[in-house]
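Novice: Listed in order, the protein sequences are those of chains A and B. For what it's worth, my numbering labels the leading residue of the first sequence as 2, then goes sequentially. For what it's worth, my numbering labels the leading residue of the second sequence as 227, then goes sequentially.
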Amino acid sequence: MKCNFIIYRFDPAVDKESRYQEYTVEAEPTDKILDCLNKIRWEQDPTLAYRYSCAHGICGSDALVINSRVELACQKLVRDFKTGNNFVIEPLPFFNVIKDLVVDLKPFFDKHRSVRPYLISDQKPPEKERLQDSQDQEFFEPALRCILCASCTSSCPITRTNPDYVGPAALLRAFRYIFDSRDTATDDRLEKIDSQDGVWGCKTMWWCTDVCPKGIPITKCLGQIKRVLKKNKAAR
Amino acid sequence: MEHQFDAVIIGSGLAGLRAAIEIGENASVAVLSKVFATRSHSGAAQGGIGAALANEEEDSWEWHMFDTVKGSDYLGDQDAIETMAKDAPRTIFELEHLGVPFNRTSEGKIAQRAFGGHTSGFGKAPVKRACFAADRTGRVILDTLWEQCLQRNTKFFDEFQVLSLMVEDRRCCGVVAYELATGELHTFYSKVVLLATGGAGKIFKTTSNAFASTGDGMALAYRAGAPLEDMEFVQFHPTGIYKLGILISEAARGEGGILLNKDGERFMERYAPVIKDLAPRDMVSRCIMEEVRAGRGIDGQDYVHLDLTHLGEDVINSKLAEITGFARTYAGVDANKEPIPVQPTCHYMMGGIASDVDGRVVVDSSNTPFEGLFAAGECACVSVHGANRLGCNSLLDTLVFGRRSGMEISRYVQRNDFQKPATDFEKAAAAKISGLMTAKGEERIGDIMADMQEVMMDNVSVFRTESPMKEALGKIMELKGRYQHISLQDKGSCFNRDLLDALELGHMLDLAEVIAMGALFRQESRGAHFREDFPERNDDDFLVHTLVRHTDKGPQIFNKPVTITRFQPQERKY
């Protein structure tokens, strides 16, 4: 069947402003949106730029705005949309566009880095593995599903109004290490995000949770961090 | 722009990152990758990483070694396999210490599960040897290693496509790379180049591999004079989602899932009475195709069912959540309630750049090293997987040999100086790019790619016979001719995917030719390479590695003996 695609275009070498270009693609209901973009590129217009790699929602390359909602292009099929086979495809909001649907994610990864996303331990590891209660592991397990696609952070209303807000994805990674029983920098980690640019920037608007293509309850995880901060303050 | 590092690593998957961590301890290192590091295809690995920890039941590295040798259909080099199996437990503990969030047993130890071809007592019964983090094991290891690199301030050049290796006087002294965001060329001078670019599944139509898996490193090494080893051994994973090829991990069967034909029969009981659905991948893929040929595919079609409905929601949600999500999203199947339609999908290259246990690329059958050039991970052939890789040995391979390469490179850069080449390699690369940009041919990249994928899938996949393969080789030669007449429509310098497609296609066509040639040469059946016209293994003539070297007169085939230490070749039954 025929599908109409209206796609955001911007080539800094040629365009003064962004524009939209229309394409018609022959597609099956079970085709992914990414398949449709590939058809456009391979069969009609090889100048169209977008990122993609694994094509099954694990590498995190192809978060885009599809019909006004942030989605992974490889995880949504044509049949998932009730828009009469009409699709509007735009780049992730908030980030600067490099070309067409490709955005500059440097600010996203800088924020990720700022939460020190690695295990910090002052204990010398044993010869074998450190023991860990499976329930401890299960508590932060949802955060392990994150594929760093930036859907949450780019959709977050607070990110858009406070550019210094570290954002849901980076806070989710902080959550992962704060609640990992093997990490010994918990207090320091908590202190670093105990601010409006940190976890208190989150106003529980749930947009991050709503758009997360991996179904991570991000807002709840951030709520767990807030709860610990409140508890610690009450105990002081 | 010019750069200088002691070592340059191409590829940011597990092998590349593990090597970067090692080298970064005492030398300068840069990691170049055509995709952002965390997009690397190692992240798609699902089921686990093998090591005889014996956390769940009795196990030993000798058993692991034996299983790997037998799984390889006795083509794997046993010294290398011994190195890997012995080093496996240390590798897992190292990962745990770095922060990898493995699933745990009730005692808090690293949990383990069964996987295809892994047994106790030298083949007596399946054993729980795969360490895992749900069904996203590769992803969490990739994240952990990348974050370790962030902590160490490793220098990354993300979205850089390597155009050529700078080789002069039989020594590699760096690379020329293309920056995707700007179109700028960069010359990296280095004492060592480590290729860690992964596989090339995109040569075939149905594959579990990422779009980025186009064998760039293998093709670059091949063009630079390094031989490729055992390229005819291409793994088809038995359980790709029907029509899509998306992987449903072997862990699904490790946790108790079973394969059913249209009669509802658990057909693997007939083919592998001892370990049944946990037989190695080459066998299970062939068995599925046999069922289909006998008219026992579901609805007479070319697929069978993978049934997980008896496992219960607890197991599915805690250990197989990702893959059941794939089944829901892409096949519209609720794996709790109904079976998943599956068929074999191109998954892994057992072959690759001939190299030794310390990552040195070797140029001949006496293992003479290629100065300054190293390889690790899927793009390399050590060879630990021989004719068929066992599940959860690939992550292990990337980490064991990524680290060993890193250690050897650290020593190498201490002993050697930079060598600035006399040739202007950047100029040659610029000429190549502008040649592609200005070409005015009629051929479209997408068409040639589709033709290549189709003929390789139809004629050089699970079942192989001489005449269709000859036809395929002829077709590849024709496509190579057509490739000379492509033209790019994107003439820009910012995110020019059209150009990247052209480069990747050139790489894949070279490799497709080598795969088909190797498959024609090997007139026997061994592991993943099954010749219908030569259905038996022939140790007298073919217990050797196939090497293919690029020459001005075309590809040249030669052989290298297999290293056999502990286990003499036997009939391979499960």
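Cβ coordinates follow ideal geometry from the N, Cα and C atoms, glycine included. None of the values given here were measured: they were computed from a predicted structure.
Output, in chain order, the set of chain A residues within a Cβ distance shorter than 8 angstroms of Val-366 of chain B.
Specialist: Going along chain A in sequence order, the residues near Val-366 of chain B (Cβ under 8 angstroms) are Leu-145.
Novice: Closest to Met-515 of chain B by C-alpha separation, out of B:Leu-391, B:Lys-488, B:Gly-578, B:Gly-632, would be which residue?
Specialist: B:Lys-488
Novice: Using the Cβ count rule (16 or more neighbours within 10 Å means buried), how would you classify Glu-27 of chain A?
Specialist: exposed
Novice: Mind pulling the beta strand (DSSP E) runs of 3 or more residues that sit fully within the segment 742-768 of chain B?
Specialist: none
Novice: Between Leu-446 of chain B and the rest of its own chain, which residues show a CB-CB distance below 6 angstroms, the 5 nearest in sequence each way excluded?
Specialist: Contacts found: Leu-391.
Novice: Alpha carbons only, please: which of B:Leu-537, B:Ala-359, B:Ala-665 is nearest the one belonging to Gly-482 of chain B?
Specialist: B:Leu-537
Novice: Within the same chain, show all residues whose beta-carbon is closer than 7 angstroms to that of Ala-438 of chain B, passing over the 5 residues directly before and after it, in chain order.
Specialist: Lys-260, Val-261, His-267
Novice: Alpha helix (DSSP H) containing Ala-547 of chain B: first to last residue?
Specialist: 547-557
Novice: Less than 8 angstroms between the CB atoms is what I'm expecting for Lys-545 of chain B and Asp-369 of chain B, so what's the real figure, rounded?
Specialist: So it is not a contact: roughly 19 angstroms between Cβ atoms.
Novice: List the whole-angstrom C-beta distance separating Ser-581 of chain B from Val-608 of chain B, where the pair is believed to meet the contact cut-off of C-beta under 8 angstroms.
Specialist: 6 angstroms
Novice: Counting only Cβ pairs nearer than 8 angstroms, list the residues of chain A close to Asp-442 of chain B.
Specialist: What Asp-442 of chain B touches in chain A: nothing, since even the nearest Cβ is about 13 angstroms away.
Novice: Identify every residue that forms a DSSP beta bridge with Val-588 of chain B.
Specialist: B:Pro-595
Novice: Go through its chain and collect everything with a Cβ distance to Asp-525 of chain B's Cβ below 8 angstroms, but skip five positions before and after it.
Specialist: Spatial neighbours of Asp-525 of chain B in its own chain (CB-CB distance under 8 angstroms, excluding positions within 5 residues in sequence) are listed in chain order as Lys-488.
Novice: If you count every other CB in all the chains shown that lies within 10 Å of the CB of Tyr-468 of chain B, and 16 or more means buried, which is it?
Specialist: buried
Novice: Which residues of chain A have a Cβ atom closer than 8 angstroms to the Cβ of Ala-270 of chain B, listed in chain order?
Specialist: In chain order: Cys-55, His-57, Ile-59, Cys-60.
Novice: Does DSSP classify Phe-82 of chain A as helix, strand or coil?
Specialist: It is coil, neither helix nor strand.
Novice: In chain B, what lies closer than 7 angstroms to Leu-38 of chain A by C-beta?
Specialist: Within 7 angstroms Cβ-Cβ: nothing; Leu-38 of chain A doesn't reach chain B, min ~11 angstroms.
Novice: Can you tell me where the beta strand (DSSP E) with Lys-701 of chain B in it begins and where it stops?
Specialist: Premise fails: Lys-701 of chain B lies in the alpha helix (DSSP H), 692-709, not in any beta strand (DSSP E).
Novice: Quickly, what does DSSP pair Val-530 of chain B with across the bridge? List them, please.
Specialist: In the DSSP secondary-structure assignment, Val-530 of chain B is bridged to B:Val-568.
Novice: Cβ closer than 8 angstroms: which chain B residues qualify as neighbours of Asp-12 of chain A?
Specialist: Gly-718, Cys-720
Novice: Is it right to say Tyr-556 of chain B is buried, meaning 16 or more other beta carbons lie within 10 angstroms of its own, or is it exposed?
Specialist: buried
Novice: Residues of chain A with CB under 7 angstroms from Gly-342 of chain B, in chain order?
Specialist: What Gly-342 of chain B touches in chain A, judged by beta-carbon distance under 7 angstroms, is nothing: the nearest beta carbon there is about 21 angstroms away.
Novice: Output, in chain order, the set of chain B residues within a Cβ distance shorter than 9 angstroms of Leu-132 of chain A.
Specialist: Arg-330, Glu-333, Gly-334, Lys-335
Novice: Flag Arg-397 of chain B as yes if its beta-carbon sits less than 9 angstroms from any beta-carbon of chain A, otherwise no.
Specialist: no
Novice: With Gly-61 of chain A and Cys-150 of chain A assumed to form a contact (beta carbons below 8 angstroms), what rounded beta-carbon distance in angstroms separates them?
Specialist: The Cβ separation is near 4 angstroms, so the contact holds.
Novice: Do Gly-334 of chain B and Gln-133 of chain A have their beta-carbon atoms positioned less than 9 angstroms apart in this structure?
Specialist: yes
Novice: Find the residues of chain B that neighbour Lys-129 of chain A, judging by a C-beta separation of less than 7 angstroms, and give them in chain order.
Specialist: Near Lys-129 of chain A (Cβ distances below 7 angstroms), the residues of chain B are Phe-319.
Novice: Under 9 angstroms between C-beta atoms, does Thr-772 of chain B make it to chain A?
Specialist: no
Novice: Answer yes or no: do Pro-464 of chain B and Val-568 of chain B have a C-beta to C-beta separation smaller than 9 angstroms?
Specialist: yes
Novice: For Ile-34 of chain A, does the three-state DSSP call read helix, strand or coil?
Specialist: helix
Novice: Taking Cβ-Cβ distances shorter than 9 angstroms, what residues in chain A pair up with Val-261 of chain B?
Specialist: Arg-52, Ser-54, Cys-60, Ser-62
Novice: Taking contact to mean at least 3 C-beta pairs separated by less than 8 angstroms, is the segment 419-432 of chain B in contact with the segment 570-584 of chain B?
Specialist: yes
Novice: Could you pull out every residue in the same chain whose Cβ sits closer than 7 angstroms to the Cβ of Cys-618 of chain B, ignoring the five residues on either side in sequence?
Specialist: Excluding residues within five positions, the ones whose Cβ falls inside 7 angstroms are Gly-273, Gly-274, Ile-275, Gly-276, Phe-341, Ala-356.
Novice: Which chain B residues sit within Cβ distance under 9 angstroms of Glu-18 of chain A?
Specialist: Within chain B, no residue has its CB atom less than 9 angstroms from the CB of Glu-18 of chain A, the nearest being about 16 angstroms off.
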